[in-house]
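As structure tokens, the structure follows; a few thoughts come after it.
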Amino acid sequence: MAVTLDPIEPDGRGPGYWKAEPLPVFLQGDAYRVLSREMTAYVSGQIPGRSFLISGHRGAGKTTLVERVARDVGLAKIVTFRRGGDAGAGPRRPLLVKLYGPSLVQDEPPAPAAPTPTPTPTPMPADGATAAAVAAVAAVAAARDVASLGASQSAPPERPVGTPHKTLVQIGIALYRALAEEAATSLRLHTRAAHDRRAGDQLEFAAQFSLELDRPADAAALRQIWRRAGRLEEGVLWPSGLDVPGPGGPPPDQGVREIVAIATAAQAFQVCTGAVTYSRTEKNTADASSQATTGGALDLTRTINKLASIAVGGGAGALAASTGASSGLALGAALGAGLLGLGAFSWSDTRSQKSNQALDYTFIRDNSAQTLEQDLPLVIRRVRAAGLNPVFVVDELDKVPNAAVTIGQMIDRLKGLVTDFGFFCFVTDRDTLEQIEAKIRREGYPVEHTYFSERLLIAYSPRDVIGHLREVLRAPDASDKIVRDAVALETLLHARPNFVEVTRALARLDDAALAPPATARGALRRQLAAAFQLAIDAILQGPELGGRIKADPGFLQFAIDTLYWPVSCWKRGEPGFGFDRQSLKTRLEERLAQRPAGAAAERLSLDDLFEEHDLDTLLQQLTALMDQLTRFNGLRSILARDAFWSETSAGLIPSLPGGEPGMAAFQRTGWYTWLYDVTGRRVGDPLEGLDPDQISNERLAQIDAAVATAESFFRLLDAFDVTFDQVVDSGLLPSALTKLDFDLVLGRLKMAADRNR
Amino acid sequence: MNDPLLEDLTRLQQLASLIDGQGPRLTAAMTFADDAARASRGATNAASMLKAMQRFESFETLVPAAPGPSTISRSPQAMAALIAGLNERHKAGVAGPAFDTAAAVGAGWAFWRDRLLAYLLNRTMGVGSVPRDQLLLASMGLAPARWFRQRLDQMTVAEWSEATLSVFRVDDEARVGPPWLLAAGLRALGAGEALVLAVLDQLVARPFPLLRFEPNDLSAAREFARGATGRTVSMSGASLATSPSGGVLMIIRDEGSATRAWRPDALALDRPLLAVRRSDYVDCRPAIAWLTEAGVIIGVTDEP
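If you read the protein sequences in the order shown, they are chains A and B.
Take the first sequence: its position 48, counting from 1, is numbered 48 in the numbering used here, and each next residue is one higher.
Take the second sequence: its position 3, counting from 1, is numbered 760 in the numbering used here, and each next residue is one higher.
Here it is as structure tokens:
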């Protein structure tokens, strides 16, 4: 058998038609675990809401992280549902609602000077995944058109800049889009199942439903669709039937709950897309003007409630009766229901519905901030009642100037919604997080401290990456596992724990790279890289850095920048590696300066990001790393105690051909020479230029005797459970040399003696 | 011989000579440390014992082992025999009762009280070696041995301060000291008799929360304050010896800074210093507040 690369996750997650498409195996770090745990608690109803700041450098996979967590939590919930469900909670899963951050926070631009405004082209949603973001862009564009139009008519802007209105509008739009997409996808799965049982027009029906939901859907129409799909009771959002009867099955009115949720969200959508009315009626300015003066004809909440009762009661007659005050809507709904009652879902029917909805647009015109602030929580409650818990992803906030401040202002505007009605993920770059962290450090507990339940940084530790590589590199046998881990460690050493670089490195791995090395030199090359990476891992797992990183994940990058510094020197073929406090500080400052400029108002310096003693800690750990590389025995001991390496530790660290204790040699404080280069070639030979023939037998005997005495003494100290350095420190033995110095001396003398024999 | 090698060989040969020269003392010290550590049933180890022995200058009082086959020397055979013997002893286990920590702590307070009295009243630096049990306590980091040295005049301001404030560490059994240590510590730091007596009176009038003491404790404490020779720890600012208005200056020190090595009698200051490690400041805050209200601490400064 051999090691093989399979970067796609195993098939089979989810039941039957609800089985998810396999995706590339995801690199899971602490951020994934925290987000997954919290989202599960939120979906299960254990917490009302959460707000997360999710940060990371470009390409770190911030949005992907939220999408994957939502998908994985959703799949787990569907599997749980089929197995009987969670007792008492009813079926629930996350509903991902994507929002384009800049459109939520940017003030509207000033009106153009040109007398005749040109409407901005409105992009159409390309697909479901990007629909929300594109819709948000479209709404911004539409709003801009409105502002332009207003300016050209010398009228004041319709809504003041800086109000929460724009944010709420975007949320309302995106929520409906996401809900509609989820319902359409779910119905498609049911119709596929029905079609496979008995082929008919089910698939066309599902496709038509998707198109229907591109516009706001009314309750009566939805009810007809659910009834036609045979899902009026069970609903469409969950698979049919349970494998194991349990307490967590769908409620008896699941279908009606879904209709109520979609109809309610659709009404909010209509309110939010009031701007669409403007763009349509722009062609007829007189109409637009007339409509603008008749706003606020209907309170949305009352209408929603009425619509809900209509849906439950069902039927166009009830609809007309309950909305007696709004004859336009009643008329439209009655007309729609009448047409639907014919049971003919042809394209011409759809056109009839369209004209009906045009009446709705004209009718519901109260799009004030107050209405939305009151109504969005209601929409969210009804969506939750249908078993979908919205997870709002506010993306691309790193494109917003001075993001740290702007995000705070946005959260202030949305306070009630963020804390009690949803799971909000604000996605931004690392600079923004660091600016917030620096402020919190500087000011104790500023208001920023309260904005987010968690501030997550997407950063991967070497162990996260190794765990990931173990998943994608399949190793059937025990011996393959050693090869797998060696390949993983070598890959990681060269790519560093960087998501993009690791992915690229994986793509370059071919069969030869996955096979055991054919030559001793090749094996040594791989083992040296593995040992180097293991030493870095051991330092990062140690108490000095482990605790610090756990408390502040942002510190991980500094630790990585520090510990991979000697790797760079080694790979460049430099004869050795030297460092001190100042050069380390300079190195970290350089790395900081190399980061791409982000959204933060100003660039933070190293002094803003950590304390002086942090630099001392990093210096100590860099020294500890280099010490590990000078004597592999210490590294072997650490590995032997670490369960993570229990299966493979024996074969990962090389026994060096020259008998050297490690791959580097200590020269003086802060200066080490490499004994082997990155290709496995012996370099920096301390015996270079020495003619072995010049060593007499008498001198050889002296070397043997001295080595035997020293090694016996060190063994004796081991038996007493004390180290040579402790004995020296206690004053029992005066020595200017440390154990490490003696290890090097012993290594050189033994090598010389062996060569002469 | 062309040589990087000669230098290396010389180093190893020097080590071998050192082993020969120090062999008897090494053997005695290591055996003592190993035996004591095993007697503690794992509560401490040989390395910590060696450190404690260094602190209490025990190497000087050890009787070196007689040269012989069981003595450390350059001979690999001798060391192999020692390892074999050591393994045998470890395998045989430890005879006798387990080390009684509580009894050692109790005996330790009596031992150190006498020693401190002798030092503060008569400038007697500490005669005789420190018992093995106290070495064990010191190696475990337990009171009272954890604070003191063989030569009390070698103790630093930081060590005296920690011992003094230990009286208020009522929530930490390993670090709490008896009330007389407050008087002894303040005197050692240079506080005058009047000030120390005033502090003891305050302790009765305004007890520190959870600090319990018997009348005997206070009389023992007053013994430290009213020494036959008065203020025997010589410092500058002699007026403090009799004036209750003189107080101590508290300095907040950083770990590893130069202040760590200051000794009370080496400072030419006009008032005593109490040094608190920055990392201990939060734990010591109640004690500092009490001492400030009691008029003992009259000012706080950061490390210069």
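C-beta atoms are modelled at their ideal positions from N, C-alpha and C, and glycine is treated no differently.
Predicted, not measured: the structure shown is a model, and the values here were computed from it.
Consult DSSP for GLU443 (chain A) and reduce its assignment to one of helix, strand or coil. The answer is helix: DSSP assigns GLU443 (chain A) an H, G or I state.
I'd like the span of the beta strand (DSSP E) that includes THR428 (chain A), first residue to last. Here the beta strand (DSSP E) through THR428 (chain A) covers 423-428.
Just mark THR709 (chain A) as buried or exposed, buried being the case when its beta carbon has 16 or more other beta carbons within 10 Å. Counting the other Cβ atoms within 10 Å of the Cβ of THR709 (chain A) gives 16 or more, which makes it buried.
The stretch 430-441 of chain A in contact with the stretch 52-64 of chain A per 3-pair CB rule at 8 Å: A contact is defined here as three or more CB-CB pairs under 8 Å, and the stretch 430-441 of chain A meets this definition with respect to the stretch 52-64 of chain A.
Determine the DSSP secondary structure at MET806 (chain B), reduced to helix, strand or coil. Judged by DSSP in its simplified three-state form, MET806 (chain B) adopts helix.
For the stretch 12-26 of chain A against the stretch 63-78 of chain A, do three or more pairs of beta-carbon atoms, one drawn from each stretch, fall closer than 8 Å, so that the two count as touching? Using a C-beta cut-off of 8 Å, the stretch 12-26 of chain A makes contact with the stretch 63-78 of chain A, since at least three inter-stretch Cβ pairs fall below that distance.
Members of the stretch 813-838 of chain B that neighbour chain A once the beta carbon cut-off is set at 8 Å: Those would be PHE816, ILE829, ARG831, SER832, PRO833, MET836, ALA837, in chain order.
Where do the ends of the beta strand (DSSP E) carrying TRP866 (chain B) lie? Counted as a single uninterrupted DSSP element, the stretch harbouring TRP866 (chain B) is not any beta strand (DSSP E) but the alpha helix (DSSP H) occupying residues 858-879.
Identify whether THR1058 (chain B) lies in helix, strand or coil by the three-state DSSP scheme. Per DSSP, reduced to three states, the secondary structure at THR1058 (chain B) is strand.
Measure from the C-beta of MET758 (chain B) to each C-beta in chain A and report whether the shortest distance is under 9 Å. Because the pLDDT at MET758 (chain B) is just 42, under 50, the model does not fix this residue reliably, and the value given afterwards should be weighed accordingly. At least one chain A Cβ lies under 9 Å of MET758 (chain B).
I think PHE733 (chain B) touches ALA796 (chain B), with their Cβ atoms under 8 Å apart; what is that distance to the nearest whole Å? Only positions 758 to 1061 of chain B appear in the structure, and residue 733 (chain B) is not among them; the question remains open.
Among A:ARG58, A:VAL447, A:ASN402, A:ARG463, which residue has its Cα nearest to the Cα of ASP30 (chain A)? Nearest of A:ARG58, A:VAL447, A:ASN402, A:ARG463 to ASP30 (chain A), Cα basis: A:ARG463.
Does the distance from the CB of ALA206 (chain A) to the CB of PRO390 (chain A) come in under 9 Å? When the beta-carbon positions are compared, ALA206 (chain A) and PRO390 (chain A) stay at least 9 Å from each other.
Do we get a CB-CB distance below 9 Å when we pair GLU711 (chain A) with the residues of chain B? Interface residue, yes.
Taking LEU388 (chain A) and HIS165 (chain A) to be in contact with their CB atoms under 8 Å, please state how far apart those CB atoms are, rounded to whole angstroms. Beta-carbon to beta-carbon, LEU388 (chain A) and HIS165 (chain A) are separated by about 25 Å, too far to satisfy the 8 Å threshold.
Under the assumption that VAL707 (chain A) contacts LEU769 (chain B) (Cβ atoms under 8 Å), give the Cβ distance between them as a whole number of angstroms. That pair is a contact at about 7 Å.
Show which residues of chain B have a CB atom less than 8 Å away from the CB atom of GLN726 (chain A). Result: ALA804, LEU807, LYS808.
Within 10 Å of its beta-carbon, does PRO216 (chain A) have 16 or more other beta-carbons around it, so buried, or fewer, so exposed? Answer is buried; the Cβ neighbour count reaches 16.
Please list, in chain order, the residues of the stretch 785-805 of chain B that have any C-beta partner in chain A closer than 7 Å. Those would be ALA786, MET787, ASP791, ASN802, ALA803, ALA804, in chain order.
How far does the beta strand (DSSP E) with MET836 (chain B) in it reach, from first residue to last? Taken as a continuous stretch (DSSP letters only), MET836 (chain B) belongs to no beta strand (DSSP E), being part of the alpha helix (DSSP H) at 833-849.
Report the option in A:ASP741, A:PRO10, A:ALA538 whose CA atom is closest to the CA atom of ARG641 (chain A). Sorting A:ASP741, A:PRO10, A:ALA538 by C-alpha distance to the C-alpha of ARG641 (chain A) places A:ALA538 at the top.
So, for THR913 (chain B): in the same chain, excluding its five sequence neighbours on each side, which residues have a beta-carbon less than 7 Å away from its beta-carbon? If you ignore the 5 residues before and after THR913 (chain B), its C-beta comes within less than 7 Å of the C-beta of ARG1017, ALA1018, TRP1019, ARG1020, all in its own chain and listed in chain order.
So with Cβ pairs under 9 Å, would you call ALA706 (chain A) a contact of chain B? Taking CB atoms only, ALA706 (chain A) has a neighbour in chain B less than 9 Å away.
In chain A, which residues lie less than 9 Å from ALA773 (chain B) when you measure between Cβ atoms? Correct list: ALA705, ALA706, THR709, ALA710, PHE713.
Does DSSP put PRO936 (chain B) in a helix, a strand or coil? In the displayed model, PRO936 (chain B) falls within a helix according to three-state DSSP.
What number of angstroms, rounded off, separates the C-alpha of PRO517 (chain A) from the C-alpha of ASP510 (chain A)? Straight-line Cα distance between these residues: approximately 13 Å.
Residue(s) in a DSSP beta bridge with GLU454 (chain A): As DSSP reads the structure, GLU454 (chain A) sits in a beta bridge with A:PHE52.
Could you give the DSSP three-state label for ARG682 (chain A): helix, strand or coil? Reduced to three states, the DSSP call for ARG682 (chain A) is strand.
Proximity below 9 Å, CB of ARG525 (chain A) to CB of VAL678 (chain A): Contact flag set, yes.
Helix or strand or just coil, what does DSSP make of MET1007 (chain B)? Judged by DSSP in its simplified three-state form, MET1007 (chain B) adopts strand.
In or out: LEU967 (chain B) buried (at least 16 other Cβ within 10 Å) or exposed? So LEU967 (chain B) counts as exposed.
So, SER240 (chain A) versus HIS190 (chain A), is the Cβ gap smaller than 9 Å? Taking 9 Å as the Cβ cut-off, SER240 (chain A) and HIS190 (chain A) qualify as a contacting pair.
Hey, is the stretch 221-235 of chain A in contact with the stretch 250-265 of chain A, meaning 3+ C-beta pairs nearer than 8 Å? Touching, yes, given that three or more Cβ pairs across the two stretches are closer than 8 Å.
Find the residues of chain A that neighbour ARG782 (chain B), judging by a C-beta separation of less than 9 Å, and give them in chain order. Chain-ordered, the chain A residues with CB closer than 9 Å to the CB of ARG782 (chain B) read LEU732.
Measure how close the beta-carbons of ALA268 (chain A) and VAL383 (chain A) come, nearest whole angstrom, since I'm counting them as under 8 Å. Actually they are not in contact, since the Cβ atoms of ALA268 (chain A) and VAL383 (chain A) sit about 10 Å apart, beyond 8 Å.
Using a Cβ-Cβ cut-off of 6 Å (strictly less than) and excluding sequence neighbours within five positions of ALA2 (chain A), which residues of its own chain qualify? Within its own chain, no residue has a Cβ closer than 6 Å to the Cβ of ALA2 (chain A) once the five positions on either side in sequence are excluded.
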